[in-house]
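Notes to accompany the following structure.
In the working numbering, the protein residues as written are 23 to 203.
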């Protein structure tokens with residue numbers, strides 16, 4: 023993972039989290055402005071294990087879904103390319119090939135884990151943007167003099183989305199506000 027920003031948060035107050043970004047790219051960095059970057063920061067803090075016990079399971083599931091929308095969902099297959107149940111890895115009935123079921127939605131990436139194969143679906147940019155608009159009420163950022171640091175405020179639509187940031191947190195992120203094509 024290439025670190026683009028160091029992130030420091032001051033903890034949360036209700037639905038608001040304040041923090042600071044430090045660019046690892048040097049002076050003159052353009053800091054992302056959209057709500058999608060606010061969601062990316064909340065997702066990455068959760069993914070890196072901060073306050074995972076503070077999040078309700080439904081909220082954690084929403085963040086997992088947001089990662090799938092952003093990066094592309096993995097679908098599990100057997101060696102012949104038939105779909106498997108994601109949780110049990112048992113063959114789905116009736117048997118169907120992933121390439122047929124997800125025709126036009128596969129991005130070409132493949133891999134394996136624990137002896138099982140997977141294919142990756144294309145990211146869903148528009149759905150990620152819709153989720154960002156539903157989860158992030160506002161995202162404000164202001165560059166500090168020198169251009170390497172910026173202060174930000176994330177206002178979530180519900181306190182459950184920022185429950186994992188109840189304390190000061192420091193982490194590094196490769197998210198940069200850009201969206202998948």
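All C-beta atoms in this analysis are idealised placements derived from N, C-alpha and C, irrespective of residue type, glycine included.
Under the Cβ criterion (8 angstroms, minimum of three pairs), the stretch 51-59 does not count as touching the stretch 69-78.
Secondary structure remark: continuous beta strand (DSSP E) runs of at least 3 residues inside the stretch 136-176, in chain order: 138-143, 158-165. Contact between residue 67 and residue 200 does not hold, since the beta-carbon distance rounds to 18 angstroms and is not under 8 angstroms. Residue 75 is classed as exposed because its beta carbon has fewer than 16 other beta carbons within 10 Å across all chains shown. By the Cβ rule, the stretch 119-126 does not count as touching the stretch 163-182, because fewer than three pairs are nearer than 8 angstroms. Around the beta-carbon of residue 78, fewer than 16 other beta-carbon atoms lie within 10 Å, marking it exposed. Note that the C-beta distance between residue 141 and residue 128 is below 8 angstroms.
Its Cα nearest to that of residue 126, the residue 143 stands out among 103, 197, 143, 40.
When secondary structure is reduced to three states using DSSP, residue 114 falls in the coil class, being assigned neither helix nor strand. By alpha-carbon distance to residue 130, the top candidate from 138, 145, 31 is 145.
Boundaries for residue 69: no beta strand (DSSP E) harbours it, while the alpha helix (DSSP H) harbouring it runs 57-69, taken from the DSSP string.
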